[in-house]
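UniProt numbering puts the first residue of the sequence shown at 1, with every later residue one more than the last. Cβ coordinates follow ideal geometry from the N, Cα and C atoms, glycine included. Small disclaimer: the values here were computed from a predicted structure and weren't measured.
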Amino acid sequence: IIVKSFEGANLWQILFWRQTFFSIIVALYLLITFKKNFFKSFHTSGLPGLIAGIFLGIGFSAYVFAMYHTTVANTLFIISTETIFLALFGYIFLKEKINLVTLISIIMGMSGVLLIIGSSLSIQSSSQFFGNIVAFIMPISFAVLIVIVRKYPKVDMVPSQFIAGVFAALIGYLVAGKLSISSHDLFLGFLAGTFQIGFGFIMITIGSQTTPAAVVGILMLTEAVFGPLWAWLFINEIPPSSVIIGGSIIISAILFEFFFSP
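Here you go:
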């Protein structure tokens, strides 16, 4: 809703300010956590942290781009396919086996995605179709991040979030042309960078240390459920029935994986 509420800022200005405020919040968290070892934390995370940060930064950029060009429902339902890509990447890069339950959930999830993509084709909107395609970069980048975490479990990935914020802000800076925006849009950028993703990512990082992964995954699904609802209520963005059905299939597939996977 915040990304949709900017008045005069263009896509790349939104990206720059959103990620700048995000980077500041993460930097403050790192300073409080690591204190004198702030810079050492980046060195300790090494190449895995750098790669994870770059992929996550690309994902942040894709999120803003998708929100700018397609609907909230389309974007969030597509992002929720993260667990499907994680299963595929785990099989490819970590040699993790895909059981029958996971295979069924992948087929279900992709069926839902096809419904969402098909809806953008049926309304003949090239911008929305392209936005849907770009939205896939977000779950893919998240899945890559989690694969790196699994591959290097002793590496602290919080510094990679700062790298991601700076990397995405740099993309916005290079493409935006000018960075000056209205005070209204600057305030929205502050809200988006701090409360929407800044504190959110930090809390997920802290909570993941003591909360089972399945519970975290289910809680993160609430964004795909409530996001389209808020967009419907507050900005009158009503998704077509095919998107609702497709999103419901995706969420059902992920819940099926969580509850029935051995």
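Local Cβ density within 10 Å of residue i, reported as buried at 16 or more and exposed below that
{"i": "S7", "result": "According to the sequence as given, residue 7 is Glu; it is not Ser. Exposed: under 16 other Cβ atoms inside 10 Å."}
{"i": "L115", "result": "buried"}
{"i": "I238", "result": "exposed"}
{"i": "L145", "result": "buried"}
{"i": "G46", "result": "exposed"}
{"i": "T222", "result": "exposed"}
{"i": "S105", "result": "buried"}
{"i": "F260", "result": "exposed"}
{"i": "I140", "result": "buried"}
{"i": "H69", "result": "buried"}
{"i": "I171", "result": "buried"}
{"i": "N74", "result": "buried"}
{"i": "I58", "result": "buried"}
{"i": "I137", "result": "buried"}
{"i": "I117", "result": "buried"}
{"i": "S119", "result": "buried"}
{"i": "L233", "result": "exposed"}
{"i": "F187", "result": "exposed"}
{"i": "F93", "result": "exposed"}
{"i": "N132", "result": "buried"}
{"i": "F60", "result": "buried"}
{"i": "F39", "result": "exposed"}
{"i": "L100", "result": "exposed"}
Residue i, enclosing alpha helix (DSSP H) - first and last residue
{"i": "E82", "result": "82 to 93"}
{"i": "K40", "result": "38 to 69"}
{"i": "A9", "result": "No alpha helix (DSSP H) holds A9; DSSP gives it neither H nor E."}
{"i": "I1", "result": "Premise fails: I1 is in no alpha helix (DSSP H) and is neither H nor E."}
{"i": "L179", "result": "Taken as a continuous stretch (DSSP letters only), L179 belongs to no alpha helix (DSSP H), as it is neither H nor E."}
{"i": "P139", "result": "137 to 151"}
{"i": "N74", "result": "72 to 79"}
{"i": "A253", "result": "241 to 260"}
Cβ neighbours of residue i in the same chain (closer than 6 Å, five flanking residues each side left out)
{"i": "T194", "result": "F21, I25"}
{"i": "G90", "result": "E96"}
{"i": "G109", "result": "T81, I84, I250, A253"}
{"i": "I181", "result": "A9, Q13"}
{"i": "V166", "result": "S23"}
Neighbourhood of residue i by C-beta, 8 Å cutoff - its chain only, sequence neighbours within 5 removed
{"i": "A176", "result": "N10, W12, Q13, L15, F16"}
{"i": "Q124", "result": "Confidence in Q124 is poor, its pLDDT being 49 and thus under 50, which makes the residue's placement too unreliable to answer from."}
{"i": "A224", "result": "L76, F77, I79, S80, G247, I250, I251"}
{"i": "K4", "result": "M67, V72, A231, I235, E237"}
{"i": "F199", "result": "I25"}
{"i": "L50", "result": "S160, I163"}
Other residues of its chain near residue i: CB distance less than 7 Å, five sequence neighbours each side excluded
{"i": "A41", "result": "In the sequence as presented, Ala is not what sits at residue 41; that position holds Ser. Excluding residues within five positions, the ones whose Cβ falls inside 7 Å are L30, F34, D156, P159."}
{"i": "I98", "result": "A87, Y91"}
{"i": "H184", "result": "E7"}
{"i": "Q196", "result": "I2"}
{"i": "R18", "result": "V64, G189, A192, G193"}
{"i": "G227", "result": "V72, L76"}
Distance cut-off 7 Å: residue i Cβ against heavy atoms of the ligand FMN
{"i": "L76", "result": "The model depicted lacks the ligand FMN and carries no ligand whatsoever."}
Notebook entry, point to check: Okay, do the segment 57 to 65 and the segment 149 to 158 touch, 3+ Cβ pairs below 8 Å being the bar?
Noted result: no
Notebook entry, point to check: Does the segment 155 to 162 come close enough to the segment 30 to 38 to have 3 or more Cβ pairs within less than 8 Å?
Noted result: yes
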